[in-house]
Amino acid sequence: MKNCFFLIFILLSIGICQSQVGINTKSPFGAFHIDPNSNTGGTSSSPTNDSDDVIVDMKGNVGIGTANPTASLDLRGTIRINDGTQGSGNIFTTDGTGLGYWDSEFKFKIISGTISNGILLGVGWSVVSSQPLTITAGKWLLSARIVTKNSTESSYYKWVQIYDKTSAVAINAAGARPSYDSSLYCVVQTAGVVEVAVGQTKQIELHAQNHSLFASTSGGIGGSYLYAIKLM
111 MKNCFFLIFI LLSIGICQSQ VGINTKSPFG AFHIDPNSNT GGTSSSPTND SDDVIVDMKG
171 NVGIGTANPT ASLDLRGTIR INDGTQGSGN IFTTDGTGLG YWDSEFKFKI ISGTISNGIL
231 LGVGWSVVSS QPLTITAGKW LLSARIVTKN STESSYYKWV QIYDKTSAVA INAAGARPSY
291 DSSLYCVVQT AGVVEVAVGQ TKQIELHAQN HSLFASTSGG IGGSYLYAIK LM
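Using this note's numbering, the first residue of the sequence shown is number 111, and each one after it goes up by one.
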């Protein structure tokens, strides 16, 4: 790719005294036009047989596989970016400066945490995740659910929050009452999105509380969870 653009630069330099330069064409559609098969027809706005052409039009747009580029770089066809970071399943992305690279960690990624059972919840937040989830640079969807079971009937809400331990702030929270049947289960779910800057990490915890001393975390009816899903 570098050699291609270097060749274009040299040829433009040679033809700098001419308003238009054409290679294999007597009727170039731009400032510089290569027609390898010498078969491009039509007009500059509606060319034909131009899938093999390379052009720099009068606006400075570069077209590869088209003689009518509509963007600064308009590439029609396949592309190969082989810079040493490529790999099976990698996603092409950019850093904060716009520099592109193949990201091996960008594969659809889910980190799961373990929620401890049998924790008695009281007034004030308790950490119910066994250890923090560590998330890296990017945008993440955080999803959490906690299942509690009361030892007696209670109308008090159970609360859960996804907590950013690194910044010491809550990302999102939700509350619910226990069921009124004999099971006395309560299920609370919440979710939130957090973005981590390049070069940074965050630690995520799940907290829960109850305004009575009759509820404990429980593995019943499916159990509790904490997930971090990388979006980008």
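All residues carry an ideal CB built from backbone N, CA and C; glycine is no exception.
Owing to the predicted nature of the structure, the values given are computational and were not obtained by experimental measurement.
Hey, is the region 154–170 in contact with the region 179–188, meaning 3+ C-beta pairs nearer than 8 Å? yes
Residue span of the beta strand (DSSP E) that contains residue 252, given as start and end: Within the sequence shown, numbered from 1, the residue matching residue 252 stands at position 142. Residues 248–260.
Spatially closest choice to residue 334 from 134, 174, 298, by CA coordinates: As a working mapping, residue 334 is identified with position 224 in the sequence shown. Among 134, 174, 298, the Cα nearest to that of residue 334 belongs to 298.
Contact the region 201–210 vs the region 285–293: 3+ CB pairs below 8 Å: no
Report the partner residues of residue 184 according to the DSSP bridge assignment. Along the sequence shown, read from residue 1 onward, the residue named residue 184 stands at position 74. Under DSSP, residue 184 shares a beta bridge with 173.
Suppose contacts are defined by Cβ-Cβ distances below 8 Å. Is residue 231 in contact with residue 318 by that definition? On the sequence shown, position 121 is the one that residue 231 refers to. On the sequence shown, position 208 is the one that residue 318 refers to. Going by C-beta atoms, residue 231 is nearer than 8 Å to residue 318.
Cβ-Cβ distance between residue 243 and residue 307 below 8 Å: Counting from 1 along the sequence shown, the entry for residue 243 is found at position 133. Counting from 1 along the sequence shown, the entry for residue 307 is found at position 197. Contact flag unset, no.
For residue 269, write down the residues that DSSP places opposite it in a beta bridge. In the sequence shown, the residue the question calls residue 269 occupies position 159. Note: residue 269 sits in a beta bridge opposite 285, 319.
Compute the distance between the beta-carbons of residue 220 and residue 252, then report whether it is under 8 Å. Sequence index remark: in the sequence shown, residue 220 carries index 110 (1-based). Sequence index remark: in the sequence shown, residue 252 carries index 142 (1-based). Result no, Cβ atoms of residue 220 and residue 252 do not sit closer than 8 Å.
Pick from 153, 316, 160, 150 that is closest to residue 275, judged by C-alpha positions: Residue mapping note: residue 275 aligns to position 165 of the sequence shown, counting from 1. Of the listed residues, the one whose Cα sits closest to residue 275 is 316.
Please say whether residue 174 and residue 225 have beta carbons closer to each other than 8 Å? Taking the sequence shown and counting its residues from 1, one reaches residue 225 at position 115. Taking the sequence shown and counting its residues from 1, one reaches residue 174 at position 64. Cβ distance not < 8 Å, so residue 225 and residue 174 don't count as in contact.
contact_flag[the region 138–145, the region 155–165] where n(CB pairs < 8 Å) is 3 or more: Using a Cβ-Cβ distance cut-off of 8 Å, the region 138–145 and the region 155–165 are in contact, since at least three pairs of beta carbons, one from each stretch, lie closer than that value.
Considering residue 203, what are the terminal residues of the beta strand (DSSP E) in which it resides? One-based indexing of the sequence shown puts residue 203 at position 93. 201–204 is the extent of the beta strand (DSSP E) around residue 203.
Using three-state DSSP, classify residue 292 as helix, strand or coil. Locating residue 292 in the sequence shown gives position 182, counting from the first residue. Note: residue 292 maps to coil in three-state DSSP.
Sheet register partners of residue 138 (DSSP bridge): To locate residue 138, count along the sequence shown from 1; it is residue 28. None, per the DSSP bridge assignment.
Applying the criterion that 16 or more other CB atoms from any shown protein chain within 10 Å of the CB defines a buried residue, is residue 192 buried or exposed? Residue 192 sits at position 82 when you count from the first residue of the sequence shown. Label assigned to residue 192: exposed.
By the 10 Å Cβ neighbour count, where 16 or more other Cβ atoms means buried, how is residue 254 classified, buried or exposed? Working through the sequence shown from its first residue, we reach residue 254 at position 144. In the assembly as shown, residue 254 is a buried residue. Its beta-carbon has 16 or more other beta-carbons within 10 Å.
Own chain partners of residue 241 with C-beta closer than 8 Å, once the 5 adjacent residues on each side are dropped: Position 131 of the sequence shown, counting from 1, holds the residue named residue 241. The residues are 223, 224.
Check whether the Cβ atoms of residue 136 and residue 248 sit closer than 8 Å, and answer yes or no. For the purposes of this step, residue 136 is taken as the residue at position 26 of the sequence shown. For the purposes of this step, residue 248 is taken as the residue at position 138 of the sequence shown. Not a contact, by the Cβ cut-off of 8 Å.
For a test of the three-state rule: what should DSSP assign to residue 305, helix, strand or coil? As a first step, residue 305 must be located in the sequence shown, where it is residue number 195. In the structure shown, residue 305 sits in a strand (DSSP, three-state: E or B).
Compare the Cα-Cα distances from residue 186 to each of 159, 289, 200 and report the closest residue. Counting from one through the sequence shown, the residue named residue 186 turns up at place 76. That would be 159, whose Cα lies nearest to the Cα of residue 186.
Distance between residue 131 and residue 277 (C-alpha atoms, nearest Å): For this step, residue 277 is matched to residue 167 along the sequence shown. For this step, residue 131 is matched to residue 21 along the sequence shown. In a straight line, the C-alpha of residue 277 is about 59 Å away from that of residue 131.
Burial state of residue 266 (16 or more Cβ within 10 Å): As a position in the sequence shown, residue 266 is number 156, starting the count at 1. That one is buried.
Can you list, in chain order, the residues of its chain whose CB lies under 6 Å from that of residue 214, leaving out five sequence neighbours each side? Counting from 1 along the sequence shown, the entry for residue 214 is found at position 104. These residues qualify, in order along the chain: 197, 200.
Roughly how many whole angstroms lie between the Cα atoms of residue 273 and residue 304? Working through the sequence shown from its first residue, we reach residue 273 at position 163. Working through the sequence shown from its first residue, we reach residue 304 at position 194. Put simply, the backbone Cα of residue 273 is about 11 Å away from that of residue 304.
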